[in-house]
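Encoded as structure tokens, the structure appears first; notes follow it.
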Amino acid sequence: MVSKALFGNIRSVMTQKAFDRLIELHYRHHYSYIALLEPFQSPSELETYRRKLGMPNAKVNCAAKIWIFWEEDWEEQDVVDSVQQVTIRFKRRGSNNYFKITAVYARCYALDRLKLWEQLKEIAENSTIPWLEEILTQS
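Okay, so the sequence shown: first residue is 228 according to this note's numbering, each after it adds one.
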């Protein structure tokens with residue numbers, strides 16, 4: 228279902244030409260979905276970066292630690308958003324194909340991560356469609 232996806236901890240889109248490198252990678256590989264962790268920018272900047280990437284859709288999680296961009300032929304159906312993860316259920320336009328993708332930005336402390344695991348378990352238990360999840364930990 229997902230042609231190509233990129234999950235990356237960018238550690239600020241402003242440093243070391245990180246975003247320029249991302250644009251180059253996207254141009255070369257034509258990602259369907261991009262999840263960026265730690266953009267260190269205000270959520271109000273998301274639209275600017277979406278346009279620079281040339282992706283038609285974008286979303287930021289409630290903690291502003293995860294930015295997500297996706298292609299035009301995916302329709303966002305619903306979202307489970309928390310401080311450490313964002314899960315989006317998509318439908319491919321013109322079909323009845325549904326799938327979920329989760330991007331995770333885990334906290335340092337075990338107790339905080341326990342909350343994350345409980346959320347992911349609940350998502351898994353309530354899911355009957357294909358699900359792609361990528362778990363990245365904070366360094």
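No residue lacks a Cβ here, since even glycine has one placed at the ideal position from N, Cα and C.
DSSP-derived helix/strand/coil call for residue i
i      : result
ILE362 : Its pLDDT being 46, under 50, ILE362 is placed unreliably in this model, and the coordinates cannot settle the point.
MET228 : For MET228, the predicted model reports a pLDDT of 48, less than 50, meaning its position is unreliable; a value from the coordinates is still stated below. Here MET228 sits in coil by DSSP.
Residue i classed as buried or exposed, judged by whether at least 16 other C-beta atoms fall within 10 angstroms
i      : result
GLU298 : buried
TYR254 : exposed
GLN304 : exposed
ASN288 : buried
SER230 : exposed
8 angstroms contact criterion, which residue i and residue j should meet: CB distance rounded
i      : j      : result
ALA330 : ILE295 : 6 angstroms
TYR260 : ILE293 : The pair is not a contact, with the Cβ atoms about 12 angstroms apart (cut-off 8 angstroms).
Terminal residues of the alpha helix (DSSP H) in which residue i lies
i      : result
LYS279 : 273-280
ILE250 : 245-256
First through last residue of the beta strand (DSSP E) which encompasses residue i
i      : result
LYS342 : Segment 337-352 is the alpha helix (DSSP H) holding LYS342; no beta strand (DSSP E) there.
TYR332 : 325-333
ILE237 : Segment: none, ILE237 is in no beta strand (DSSP E) and carries neither H nor E.
Residue(s) in a DSSP beta bridge with residue i
i      : result
ASN284 : TRP297
THR314 : VAL307 and THR329
ILE356 : Note: ILE356 sits in no beta bridge, so no partner.
ARG319 : TRP301
ALA262 : PHE234 and ILE295
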